[in-house]
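S.K.: First to last, the sequence lines map onto chains A and B.
When the letters of the first sequence are read in order and numbered with my numbering, they come out as residues 361 to 770.
When the letters of the second sequence are read in order and numbered with my numbering, they come out as residues 322 to 768.
Here a beta-carbon is modelled for each residue, glycine too, at the ideal position from N, C-alpha and C.
Nothing here was measured: the structure is a model prediction, and the numbers come from that model.
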Amino acid sequence: MITRIVSNNFEIPDSHTMDVALSNGRYSSLKPVFEKEPQELIDIIKASGLRGKGGGGAAAGNKWQIVSDWEGTKYVVVNADESEPGTFKDRRILSLDPHLLIEGIIATCYAVGSNTSYIYVRGEYEEFSDILQDSIDEAYEKNFLGVGAQYRVDITIHRGAGAYICGEKSALLESLEGNRGHPRLKPHSPKPEFYFNEPTLVNNVETIASVPFILENGAEAYRAYGTEKSPGTMLFGISGNITKPGIYEVEFGVSMLEYIEKVGGGVKNGKKLKAVIPGGASTPILPFEMLKEARLDYENLRDLGSALGTGGMIVMDEDASMVKALKNLLRFYHHESCGQCTPCREGTSWSDKILDRFVAKRATMEDLEMLRSVSKTMNGKTICVFAPAASGVIDGFLKHFESEFLECIV
Amino acid sequence: MKIIIDDRAVECEEGALLIEVMLKNSIEIPHFCYQEDLGADGNCRMCMVDIKGMKRPQIACNTFVSENLEVSTISENITEVKRSILELELLNHPVDCAICDQAGECKLQDYYMDFGLYDSHLTTAKTKKGKHIDLGSNVMLDQERCVLCTRCTRFTSNITKTGELGIIGRGDSARVGIAPGRELNNPYAMNVVELCPVGALTSKDFRFKQRVWFLDSTKSICHGCSRGCNIHVDYNETKYSDEKIHRFRARRNNKINQSFLCDYGRLSYTELNESFNGEVSHVKDLADLLKEDKKLALVSPSMSLQQLQAIKSFCKNNAIELFSLAYIDDSFGDEWLRTNDMSANFAGVKELEINYDEGKFNSSLQDAHVVINFDHKYLKNMDLNNKRVVHFATSHVDSDYELIFAIADFAHDSGTIINCDGIRQDFYATKYESSNPRLVDILEELR
Ligand SMILES: Cc1cc2nc3c(=O)[nH]c(=O)nc-3n(C[C@H](O)[C@H](O)[C@H](O)COP(=O)(O)O)c2cc1C
Ligand code: SF4
Ligand code: SF4
Ligand code: SF4
Ligand code: FES
């Protein structure tokens, strides 16, 4: 079941060092890449149907085209802020195959016409950031990067300061510019992101790491995996009450239960499966009954009322308390809201405080109503999708596990 | 081009910002973070409207209008949205209106009365933040009353570019603050008090002195320098005391000061509460003095055109050599509003061709027997030995001149002045009568 495209080198010892990387195929895509015109490369990415792996699943080719077409000095920014509970895939690439990422960055920069790239690494990822920096230094020595390279690209790592919201692309760029990590208002028409007012591409680590395979083997080779609308593979993660937690790459469209059983080794200690949060903490929870239908692709999970997100599944067994699980998540949202928008700033804290009353089994019917109404106010009324995500999380728990909340009402 | 707002057709320009169209047409639209001079930030989410064809409510401060756009600000849905956001805005607010200086001109109060009017649903404890923090420059901060609209931080970042204020913390612990060891000390600092839509930033100079609903207001022009910033003079008269001016507030003029004032100008209202109250001379004595020869007059360059005109003909009729000298302070001006010329109407002096040659003035002064000072600030520093001096004063003077006449100041005597860019502006007298007569009336009496 496991497919190896991005994770091909993960199990090779010292895969992060230049020698091992070179003898295992790294940087081999650059020769065919530089033989092509940048637009040809963008067309290949479009044809491959590659979708962003940072949670939104936007078509990568279209984003590249917009940046390529926009006048100005172009930047490629790699989003390695990975801070969502349940999501821990990008760190694998950073530490186990950093040269794949560097290779992808060089190809991407060439395709969109940029010479400068920043990798925005989550503050807590010091260890992975150090490995990545060593690899970047090696790539400079070998003239893959810098003045001596066939196509000049410079890469700079920027370490975040530990805010989840800095993973949101416009907040990330604000932070990179030296400002507070506050998301920007969304544009009214298709536009690139902007770094110091210059057109900028922001892609997730895994998105960029998927690029070398596609450009070397062609769009069809990528489309051989996955479904029509969700082509290719993804580094799906699994954690929680599971026998073998970890990151395993499979193609899109596989059955979730099969993944849990065959790849994750089933629910820990033979317990019964109660629910799964399918794609990182920000995706609405799905109860066991709905999982029989669930497949790991964007369309299926959306139709089930949740989302694929980052593909990081959180498994909960029959003993899990849904009230405590929601409390745990709301504490996270309360702590991480950037605090700009009124509905989010006040809504995340209030809903977290209301949950305390449920956990203490001292809630009232009004508390439940308030929780619903706060969730409604947080949905669709803010600058970024952080608050709507929190709202979706609350709604998911209340929809599928209402009875557990009613039990906490005095 | 036309758009429809609440079933009413509104003329506007393609691409204009919806909130600006609404404000221009006096259509109620609640807003905290949008401010005409600071622009939109989109954080408060109070300005939400329903737009036909859009699934979700949109913020008016980030909506650009196009032909036939249909907007609703009063539908049941949008009223509920606004109410629910307002409830969140007020959730952790202390609601200490009874002791808050903003009460009466507070947007939170206004909006609650307009479309809030719900009972509190809060069953948990409110978030605690800092109270009565002295930021410097007369500005006091109450973090609990703050709605985090970032008007104040955008003012110091984008307008004065001094960057004293910022937001500290995330989520519900986000609050306005000042960097450790710094002070809010730019010459325009007090504008943040006026920008703040709630009682989070208050002026140490004004707070706890008056309830705003007891104040009357008159349109005027700041006389602090030649910029001529537009102001509201706020004042009242209480049962046991005379009329008192309590503050100047900026009055919008997009050609001059937008909605801002410098702190010096803002606080210059205090002079107007110090009118001359000593014993004044008789007009008859002045008439006698006018029979002398070698007479010279010096007029303040901050007098109105009407006053200057009256003085000019008075001097002509009585063979008095008339001068005016500008109030120049090279350390006062800056790149923005403040000008080195601290006279309110020096352009008026020039227009009326009043002599402002300083060399000529000095030599004439030496010869003069009689010196008539029309409220010019410099005269007290000049050598007036052996001269007979007449003083027309708007505010209190210490020296004992031979004749002293108290006259109404610019808050009590309307007129016109011309600013540094040649813009003519009228200012008006407050509704209470001054205890001192108008200068033109005294001169009239002498005719
Ligand atoms: C609150 C929030 C947090 C996010 N965090 C991350 C993150 O840590 N890493 C990431 O790649 N994308 C994150 N995203 C998505 C980014 O905004 C952006 O869509 C993504 O980096 C684009 O890359 P992609 O198209 O390659 O997925 C986040 C979005 C939101 C709203
Ligand atoms: S929704 Fe929340 S996280 Fe996003 S900009 Fe608004 S306050 Fe910040
Ligand atoms: S800011 Fe002041 S007046 Fe306004 S609601 Fe709060 S306490 Fe009351
Ligand atoms: S102090 Fe006032 S102006 Fe500043 S952010 Fe708070 S409410 Fe807005
Ligand atoms: S005024 Fe529009 S969001 Fe604040």
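Pull up the distance between the alpha-carbon of N661(B) and that of C543(B), whole angstroms please.
M.R.: The residue you call residue 661(B) lines up with position 340 of the second sequence. The residue you call residue 543(B) lines up with position 222 of the second sequence. Answer to the nearest angstrom: the Cα atoms are 15 angstroms apart.
S.K.: Could you name the residues of chain B that S697(A) contacts, counting a contact when the two beta carbons are closer than 8 angstroms?
M.R.: If you number the first sequence from 1, residue 697(A) lands on position 337. Those within 8 angstroms of S697(A) in chain B are R491, G492, D493.
S.K.: Output yes or no for whether 8 angstroms exceeds the beta carbon distance between N676(B) and F644(B).
M.R.: Numbered from 1 along the second sequence, position 355 holds the residue referred to as residue 676(B). Numbered from 1 along the second sequence, position 323 holds the residue referred to as residue 644(B). The Cβ atoms of N676(B) and F644(B) sit closer than 8 angstroms to each other.
S.K.: Looking at C-beta atoms only, is the number of pairs between the stretch 724-742 of chain A and the stretch 513-532 of chain B that lie closer than 8 angstroms three or more?
M.R.: No: the two stretches stay apart, fewer than three of their Cβ pairs being nearer than 8 angstroms.
S.K.: Could you tell me the alpha carbon to alpha carbon distance between S716(B) and Y722(B), rounded to whole angstroms?
M.R.: On the second sequence, position 395 is the one that residue 716(B) refers to. On the second sequence, position 401 is the one that residue 722(B) refers to. Each residue's Cα considered, the two are about 14 angstroms apart.
S.K.: According to DSSP, N551(B) sits in a beta bridge with which residue or residues?
M.R.: Position 230 of the second sequence holds residue 551(B). Paired residues: I542(B).
S.K.: Where DSSP assigns a beta bridge to T715(B), which residues make up the other side?
M.R.: As a first step, residue 715(B) is located in the second sequence; it is residue number 394 there, counting from the start. Per DSSP, none; premise fails for T715(B).
S.K.: CB R664(A) to CB L656(A), shorter than 8 angstroms?
M.R.: Taking the first residue of the first sequence as position 1, residue 664(A) is located at position 304. Taking the first residue of the first sequence as position 1, residue 656(A) is located at position 296. Reading off the sequence shown, one finds Leu at residue 664(A), where the question assumed Arg. Going by C-beta atoms, L664(A) is not nearer than 8 angstroms to L656(A).
S.K.: Give a single yes or no on whether G363(B) has its beta carbon closer than 7 angstroms to a heavy atom of ligand 5.
M.R.: Within the second sequence, numbered from 1, the residue matching residue 363(B) stands at position 42. Yes, the Cβ of G363(B) comes within 7 angstroms of a heavy atom of ligand 5.
S.K.: Quick one, which residues of the stretch 359-375 of chain B are near chain A if we go by CB-CB under 9 angstroms, in chain order?
M.R.: A361, D362, G363, N364, C365, R366, M367, M369
S.K.: Count Cβ pairs between the stretch 699-712 of chain A and the stretch 730-745 of chain A that sit closer than 8 angstroms; are there 3 or more?
M.R.: A contact exists between the stretch 699-712 of chain A and the stretch 730-745 of chain A.
S.K.: For E534(A), would you say it is in contact with chain B, using Cβ-to-Cβ distances shorter than 8 angstroms as the test?
M.R.: Numbered from 1 along the first sequence, position 174 holds the residue referred to as residue 534(A). No - not a single Cβ of chain B is within 8 angstroms of the one on E534(A).
S.K.: Check this for me: beta carbons of I426(A) and S477(A), under 8 angstroms apart or not?
M.R.: Within the first sequence, residue 426(A) is the residue found at index 66, counting from 1. Within the first sequence, residue 477(A) is the residue found at index 117, counting from 1. For I426(A) and S477(A), no; Cβs fall outside 8 angstroms.
S.K.: L569(A) bridges to which residues according to DSSP?
M.R.: Along the first sequence, read from residue 1 onward, the residue named residue 569(A) stands at position 209. Per the sequence shown, residue 569(A) should be read as Ala rather than Leu. The partner list for A569(A) (beta bridge, DSSP) is empty, contrary to what the question assumes.
S.K.: Heavy atom of ligand 2 less than 7 angstroms from the Cβ of P445(A), yes or no?
M.R.: By 1-based counting over the first sequence, the position of residue 445(A) is 85. Not under cutoff, so the answer is no.
S.K.: What residues from chain B crowd round E706(A), counting only those whose CB sits closer than 8 angstroms?
M.R.: The count along the first sequence starts at 1 and reaches residue 706(A) at position 346. One finds L409, E410, L412, N413, D493 in chain B with Cβ atoms closer than 8 angstroms to the Cβ of E706(A), taken in chain order.
S.K.: Can you pull the DSSP bridge partners for K565(B)?
M.R.: As a working mapping, residue 565(B) is identified with position 244 in the second sequence. DSSP output for K565(B) lists N557(B) as bridge partner(s).
S.K.: Check the Cβ of G752(A) against every Cβ in chain B and list those closer than 8 angstroms, keeping chain order.
M.R.: For the purposes of this step, residue 752(A) is taken as residue 392 along the first sequence, with counting starting at 1. Correct list: empty, because the minimum Cβ distance to chain B is about 14 angstroms.
S.K.: At 3 residues or longer, and completely inside the stretch 685-710 of chain B: list those beta strand (DSSP E) runs for me, N to C.
M.R.: Inside the stretch 685-710 of chain B, DSSP marks whole beta strand (DSSP E) runs of 3 or more residues at positions 691-695, from first to last along the chain.
S.K.: Under 7 angstroms, CB to CB, which of the residues in the stretch 511-522 of chain B have a partner in chain A?
M.R.: Cβ contacts with chain A come from no residue of the stretch 511-522 of chain B.
S.K.: Please state whether DSSP places A270(B) in a helix, a strand or coil.
M.R.: Since the first and last residues shown for chain B are 322 and 768, residue 270(B) lies out of range.
S.K.: Please tell me whether R482(A) has its Cβ less than 8 angstroms away from any Cβ of chain B.
M.R.: On the first sequence, residue 482(A) is found 122 positions in, with the first residue counted as 1. Not one chain B Cβ lies under 8 angstroms of R482(A).
S.K.: Between T724(A) and I350(B), what straight-line distance do the alpha-carbon atoms span, to the nearest angstrom?
M.R.: Numbered from its first residue, the first sequence carries residue 724(A) at position 364. Numbered from its first residue, the second sequence carries residue 350(B) at position 29. Their Cα atoms are separated by approximately 35 angstroms.
S.K.: DSSP three-state label for Q531(B), please.
M.R.: One-based indexing of the second sequence puts residue 531(B) at position 210. Q531(B) falls in the coil class under three-state DSSP.
S.K.: Using 8 angstroms as the limit for Cβ to Cβ distance, is R540(A) near chain B?
M.R.: The count along the first sequence starts at 1 and reaches residue 540(A) at position 180. So, interface residue.
S.K.: Could you check whether the stretch 747-767 of chain A touches the stretch 667-685 of chain A, counting it as contact only if at least three pairs of C-beta atoms, one from each stretch, sit closer than 8 angstroms?
M.R.: yes
S.K.: I need the straight-line Cα distance from Y433(B) to A571(B), nearest angstrom please.
M.R.: The residue given as residue 433(B) occupies position 112 in the second sequence. The residue given as residue 571(B) occupies position 250 in the second sequence. Here the alpha carbon of Y433(B) sits roughly 26 angstroms from the alpha carbon of A571(B).
S.K.: Which residue spans inside the stretch 412-439 of chain B form an unbroken alpha helix (DSSP H) run of at least 4?
M.R.: 428-432
S.K.: Rounded C-beta distance between M594(A) and G671(A)? I'm assuming under 8 angstroms.
M.R.: Numbered from 1 along the first sequence, position 234 holds the residue referred to as residue 594(A). Numbered from 1 along the first sequence, position 311 holds the residue referred to as residue 671(A). With a Cβ gap of about 5 angstroms, M594(A) and G671(A) count as contacting.
S.K.: Is there at least one Cβ from chain B nearer than 8 angstroms to S549(A)'s Cβ?
M.R.: The count along the first sequence starts at 1 and reaches residue 549(A) at position 189. Chain B contact via Cβ: absent.
S.K.: Does DSSP put R732(A) in a helix, a strand or coil?
M.R.: Counted from its first residue, the first sequence places residue 732(A) at position 372. Reduced to three states, the DSSP call for R732(A) is helix.
S.K.: Do the stretch 493-502 of chain B and the stretch 380-391 of chain B make contact, defined as three or more Cβ pairs closer than 8 angstroms?
M.R.: no
S.K.: Does ligand 2 have a heavy atom nearer than 7 angstroms to the CB of C698(A)?
M.R.: Along the first sequence, read from residue 1 onward, the residue named residue 698(A) stands at position 338. Result yes, Cβ under 7 angstroms from ligand 2.
S.K.: Between L753(B) and ligand 5, is the CB less than 7 angstroms from at least one heavy atom?
M.R.: As a first step, residue 753(B) must be located in the second sequence, where it is residue number 432. For the record, residue 753(B) in the displayed sequence is Tyr; it is not Leu. Flag unset: Cβ of Y753(B) not near ligand 5.
S.K.: Output the distance between the C-alpha atoms of S697(A) and C354(B), rounded to the nearest integer angstrom.
M.R.: What you label residue 697(A) is simply residue 337 of the first sequence in a count that begins at 1. What you label residue 354(B) is simply residue 33 of the second sequence in a count that begins at 1. Answer to the nearest angstrom: the Cα atoms are 18 angstroms apart.
S.K.: Mind listing the chain B neighbours of K741(A)? Cutoff is C-beta to C-beta under 8 angstroms, in chain order.
M.R.: The residue labelled residue 741(A) in the question sits at position 381 within the first sequence. Residues of chain B passing the Cβ test: R366, M369, R377, P378, V402, I406.
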